[in-house]
Amino acid sequence: MATLTYLQAISDGLREEMRADDRVLVLGEDVGAFGGAFKVTDGLQAEFGEDRVQDTPIAEAAIIGTSVGAALAGLRPVCEMQFSDFVACGFDQLVNVAGKMHYRTGLAVPMVVRLPTGGGFAGGPFHSQNPEAWFMHAPGLKIVAPSTPEDAKGLLIAAIRDPNPVCFLEHKHLYRRAKGEVPDGGYETPFTARTVREGDALSIVAYGAMVSAALDAADRLWDEDRVLVEVLDLRSLVPLDEDAILATVTRTNRVLIVDEANATCAAGAQVAALIADRAFGDLDAPVRRLAAPDVPIPFSPSLEAAVLPDPDRIVEVARELLAY
Amino acid sequence: MSTIDMKPTLRVGARRRPDAAATDDGASLTVADHRSLHEHLLMTRVVEERGVRLYKQGKIPGSFYDGRGQEATSVGAAFALGPDDVISSPLIRDLGAHLVRGTDLTELFRHYMGRENALSHGREGNIHFGDRRLGIVGPVSMLPDMMVVAVGLAMGFRIRGERRIALSFFGDGSTSRGDWHEAMNVAGLRREPVVFVCENNQLAYSTPTDRQFRVRPADRAAGYGVAAEVVDGNDVVAVFDAVGRARERALDGGGPTLIEAETMRMHGHGAHDDARYVDPELRAAWAARDPLDAHATIARAHGIDVEALRAEVEERVAVAVQAAAATPLPDPASATEGVFCVGEPAGLGRGAAPFSGFAATAQGTRTAAGPTATADPLTAQTRQAA
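Protein chains in written order, with my numbering: chain A, 6 to 329; chain B, 5 to 390.
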């Protein structure tokens, strides 16, 4: 066990898996000599060489499309979008080529697309997005979104070993803020939800950076209101751990779902629909959602703070729900 | 006043071998090779003629798209490939490439007709398919996405030190999209062992090439550091030779080649399109250069009974259609299966490589990964978890 940041845990997972499996290779913009815009791939090219850690031209369709080809050739590519926003430039290769391949042809596409996501640091409209809902709507893609260093490493290794294309959402806000104990060696974290904190009054369902916001809110609700809030970390959006979601509703009968992404058709909307469909009778209050409004993520700190959910707003909506 | 020269890029095809109809300067081709080439040309045409009829009879759902007039390009290109090479991907005019690689006729008609079949289980559009067991990756409709995938396959082969190439077909229309540029750029940059076959068939649906681009695809290749060759796409021997040269270049570390095959789409974009927008004189000029007629002259000169071959091909097609028509539609319950791979991925197999030049390598190399030894491409182990 070592104490690592979320970013170090991702690097560690990548390095472990590259050492264990010579089919694993890394492709992306500035990932080689420079070590990546966020330094996730720092040192990998020196250890594994230029074929296994490839600096690519600025060409997202080529990065994703050649990864599909490499996967079909029997390799296990892990490609990086420098910021998840740029995956829009490779959308077609991911959605139409990678996602539909197995259903149409029986050919598997074992590849990982690393997507540094999220806002909170004045990145503006093109460096702050949470694009997961685009891909939840596209059959054939798995989507994971770790919230802790331990899960970041384990989910990345599981994603690399998975025989399907996996979108790996790594939240930039967590890169250096989230620290924790991370097991040594290679291990897989399952694509299931995890109850981070047990409670009986209310469940907050979240993923990625919103898990720590939910935990902060839960602490305050205990300190100030003596209310025990349960926090469920989805960890995987596709597949979605429906059993875990329904189980938390059964335990607390009140649910708040928090997305950092834009609200319409977000992951949280899918969770809300599931609960309405399968757990209506267990509810003591309407399902509430908190998400970014449907605007591009603005640059100025005052504007960005006005759209991203934070612990204050979570506490506010939680109190409304508890009072219902 | 415009100072830009608006002359048409291409019309009747500039690149014809002298006396192409009477000679076979593909010196490496044996009589058996010519017989095989002609058989595949005929098979391509007969299957598609039957496909159009089945569509008009309501027996093929959706629409139907054929490659009449372009048979020599897909047959000639695929004939130059070794068993371990991968096609990513044949397009809707490239049935000949599937047939040369050994795609089963009955499975093909089952697929066309939406019946249960080993190629697609009815999930893929009727002219979109690829038998992974034969080293073919099925195409997508977004062209030329599969060129980029072919570059990735070639990259994989190069990294592993394998002597094999990837080949991608695309049309003139594909050269306007960004993926074309990205594929050309990366392939040229890394000198990947890939061959790009551009079928310049004069039209992107109804839009002629002179309304698509100022500079022809072969001339643009130099800008990417990609070798290029213009070839008469209706001359199966010329296409075979050009792709063979490009393949050797790729295997020798010389990087990618773009082959621009000049040809003409003789039917509409699909069976629903009467192509009234095509100049009748242009169509007549190309009709006089029919690729089957051109090769029939060579085949006869080699003592091949072309008429007997056609009768044999028609019989095989009739038998396949009959078997396909007797096959049930897929089980509706299977519509939600197979989205995800579960377990070990099933990979690409080896294709047939009928060219006599590959006989030495093809014989005795049908391993467990080969098409004859591999089961259904969408086997139970790869079905979606419940």
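Using N, Cα and C, we set each Cβ at its ideal position, and we do this for glycine too.
(message) Could you compute how far the alpha carbon of A/Ala218 sits from the alpha carbon of A/Val236?
(response) Sequence index remark: in the first sequence, residue 218 of chain A carries index 213 (1-based). Sequence index remark: in the first sequence, residue 236 of chain A carries index 231 (1-based). Roughly 10 Å between the two C-alpha positions.
(message) Going by beta-carbon coordinates alone, are A/Leu233 and A/Ala206 separated by less than 9 Å?
(response) One-based indexing of the first sequence puts residue 233 of chain A at position 228. One-based indexing of the first sequence puts residue 206 of chain A at position 201. Yes, these two residues count as a Cβ contact at 9 Å.
(message) Is there a C-beta anywhere in chain B that falls below 9 Å from the one on A/Tyr329?
(response) Locating residue 329 of chain A in the first sequence gives position 324, counting from the first residue. Not an interface residue.
(request) State yes or no: is the beta carbon of A/Arg199 nearer than 9 Å to at least one beta carbon in chain B? (result) By one-based count along the first sequence, residue 199 of chain A stands at place 194. For A/Arg199, the answer is no, since every Cβ of chain B falls outside 9 Å of its Cβ.
(message) For B/Thr261, report the span of its beta strand (DSSP E) as first-last.
(response) For the purposes of this step, residue 261 of chain B is taken as the residue at position 257 of the second sequence. First-last of the beta strand (DSSP E) with B/Thr261: Thr261 to Glu266.
(message) For chain A, check one thing: does any of its Cβ atoms lie closer than 9 Å to the Cβ of B/Leu112?
(response) By 1-based counting over the second sequence, the position of residue 112 of chain B is 108. Not an interface residue.
(message) Tell me the rounded alpha-carbon separation between B/Ala208 and B/Glu128.
(response) If you number the second sequence from 1, residue 208 of chain B lands on position 204. If you number the second sequence from 1, residue 128 of chain B lands on position 124. Between B/Ala208 and B/Glu128, the C-alpha separation is close to 23 Å.
(message) What does the alpha-carbon distance come out to for the pair A/Leu326 and A/Asp315?
(response) To locate residue 326 of chain A, count along the first sequence from 1; it is residue 321. To locate residue 315 of chain A, count along the first sequence from 1; it is residue 310. Cα-Cα distance, rounded: 17 Å.
(message) Looking at the strands, I want to know which residues DSSP matches up with A/Arg3.
(response) With chain A represented from 6 up to 329, any question about residue 3 of chain A goes unanswered, as that position is not in the structure.
(message) Any beta carbon from chain B within less than 9 Å of A/Tyr108's own beta carbon?
(response) On the first sequence, position 103 is the one that residue 108 of chain A refers to. So, interface residue.
(request) Starting from A/Asp60, trace the alpha helix (DSSP H) both ways and give me its first and last residue. (result) Residue numbering aside, residue 60 of chain A sits at position 55 when the first sequence is read from its first letter. Premise fails: A/Asp60 lies in the beta strand (DSSP E), Val58 to Asp60, not in any alpha helix (DSSP H).
(request) Tell me, to the nearest whole angstrom, how far the beta carbon of B/Val198 is from that of B/Ala254; I am working on the premise that it is less than 8 Å. (result) By one-based count along the second sequence, residue 198 of chain B stands at place 194. By one-based count along the second sequence, residue 254 of chain B stands at place 250. About 6 Å; that satisfies the 8 Å criterion.
(request) Can you give me, in chain order, the residues of the segment 77-103 of chain A that have a beta carbon less than 7 Å from any beta carbon in chain B? (result) Leu77, Ala78, Gly79, Leu80, Asp97, Gln98, Asn101 and Val102
(message) Please identify the residue among B/Thr213, B/Arg167 and B/Ala265 whose C-alpha is closest to the C-alpha of B/Ser180.
(response) In the second sequence, counting from the first residue as 1, residue 180 of chain B sits at position 176. Minimum Cα distance to B/Ser180 is reached at B/Thr213.
(message) Taking 9 Å as the threshold (C-beta atoms), are A/Ala277 and A/Pro154 in contact?
(response) Translated into positions along the first sequence, residue 154 of chain A becomes position 149. Translated into positions along the first sequence, residue 277 of chain A becomes position 272. Taking 9 Å as the Cβ cut-off, A/Pro154 and A/Ala277 do not qualify as a contacting pair.
(request) Counting only the same chain and skipping the five closest in sequence on each side, list residues whose C-beta sits under 8 Å from that of A/Ile280. (result) Position 275 of the first sequence holds residue 280 of chain A. These residues qualify, in order along the chain: Ile250, Leu251, Val254, Val260, Leu288 and Val292.
(message) Pairs of beta-carbons, one from the segment 321-339 of chain B and one from the segment 112-121 of chain B, closer than 8 Å: are there three or more?
(response) yes
(request) Note down, in chain order, every chain A residue with its Cβ under 8 Å from the Cβ of B/Gly342. (result) Along the second sequence, one-based indexing puts residue 342 of chain B at 338. Result: His107, Tyr108 and Gly111.
(message) Let me confirm a value: B/Ile64 is counted as buried when at least 16 other C-beta atoms fall within 10 Å, else exposed. Which label applies?
(response) Residue numbering aside, residue 64 of chain B sits at position 60 when the second sequence is read from its first letter. It is buried - the Cβ of B/Ile64 has at least 16 other Cβ atoms within 10 Å.
(request) Return yes when the Cβ of B/Asp149 is within less than 9 Å of the Cβ of A/Gly70, no when it is not. (result) For this step, residue 70 of chain A is matched to residue 65 along the first sequence. For this step, residue 149 of chain B is matched to residue 145 along the second sequence. Cβ atoms of A/Gly70 and B/Asp149: closer than 9 Å.
(message) Count Cβ pairs between the segment 179-191 of chain A and the segment 268-275 of chain A that sit closer than 8 Å; are there 3 or more?
(response) no
(request) Assuming A/Leu49 contacts B/Val141 (C-beta within less than 8 Å), just tell me the rounded distance between them. (result) Taking the first sequence and counting its residues from 1, one reaches residue 49 of chain A at position 44. Taking the second sequence and counting its residues from 1, one reaches residue 141 of chain B at position 137. The Cβ separation is near 29 Å, so there is no contact.
(request) Go to A/Asn258, then tell me how far its beta strand (DSSP E) extends in each direction, as first and last residue. (result) Your numbering for residue 258 of chain A matches position 253 in the first sequence. First-last for A/Asn258: undefined, no H or E at that position.
(message) Can you tell me whether A/Ser16 is buried or exposed? The criterion is at least 16 other CB atoms within 10 Å of its CB, across all chains shown.
(response) Here the question's residue 16 of chain A lines up with position 11 in the first sequence. Classification for A/Ser16: buried.
(request) State yes or no: is the C-beta of B/Pro295 within less than 9 Å of the C-beta of B/Asp37? (result) Counting from 1 along the second sequence, the entry for residue 295 of chain B is found at position 291. Counting from 1 along the second sequence, the entry for residue 37 of chain B is found at position 33. Not a contact, by the Cβ cut-off of 9 Å.
(request) Name the one or two DSSP bridge partners that B/Phe217 has. (result) Residue 217 of chain B sits at position 213 when you count from the first residue of the second sequence. Paired residues: none, contrary to the question.
(message) Let me confirm a value: B/Ser145 is counted as buried when at least 16 other C-beta atoms fall within 10 Å, else exposed. Which label applies?
(response) Taking the first residue of the second sequence as 1, we reach residue 145 of chain B at position 141. Result: exposed.
(request) Answer yes or no: does any C-beta atom of chain B fall closer than 9 Å to that of A/Arg57? (result) Here residue 57 of chain A corresponds to residue number 52 of the first sequence, with the count starting at 1. Closer than 9 Å to some Cβ of chain B, the Cβ of A/Arg57 qualifies, so yes.
(request) Would you tell me roughly how many angstroms separate the C-alpha atoms of A/Ala64 and B/Arg293, rounded to the nearest one? (result) By 1-based counting over the first sequence, the position of residue 64 of chain A is 59. By 1-based counting over the second sequence, the position of residue 293 of chain B is 289. In a straight line, the C-alpha of A/Ala64 is about 41 Å away from that of B/Arg293.
(message) Just to make sure I have the definition right: I need the residues of chain A whose C-beta is within less than 7 Å of the C-beta of B/Met117. Which are they?
(response) Your numbering for residue 117 of chain B matches position 113 in the second sequence. Simply none; closest approach about 17 Å.
(request) Report yes if the C-beta distance between B/Ser93 and B/Val153 is below 9 Å; otherwise report no. (result) Residue 93 of chain B sits at position 89 when you count from the first residue of the second sequence. Residue 153 of chain B sits at position 149 when you count from the first residue of the second sequence. The answer is yes: Cβ separation under 9 Å.
(request) Identify the continuous alpha helix (DSSP H) that holds A/Thr71 and give its terminal residues. (result) For the purposes of this step, residue 71 of chain A is identified with residue 66 of the first sequence, where counting begins at 1. First-last of the alpha helix (DSSP H) with A/Thr71: Glu65 to Leu77.
(message) If I follow the unbroken alpha helix (DSSP H) through A/Ser208, where does it start and stop?
(response) Residue 208 of chain A sits at position 203 when you count from the first residue of the first sequence. Taken as a continuous stretch (DSSP letters only), A/Ser208 belongs to no alpha helix (DSSP H), being part of the beta strand (DSSP E) at Leu207 to Ala211.
(request) Taking 8 Å as the threshold, find out whether the segment 186-193 of chain A comes into contact with the segment 130-140 of chain A through three or more Cβ pairs. (result) no
(message) Could you compute how far the alpha carbon of B/Tyr59 sits from the alpha carbon of B/Glu120?
(response) Looking up residue 59 of chain B in the second sequence gives position 55. Looking up residue 120 of chain B in the second sequence gives position 116. The alpha-carbon atoms of B/Tyr59 and B/Glu120 are separated by roughly 18 Å.
(request) Using the DSSP secondary-structure output, state which residues sit across from A/Val36 in a beta bridge. (result) Working through the first sequence from its first residue, we reach residue 36 of chain A at position 31. For A/Val36, which the question treats as bridged, DSSP gives no partner whatsoever.
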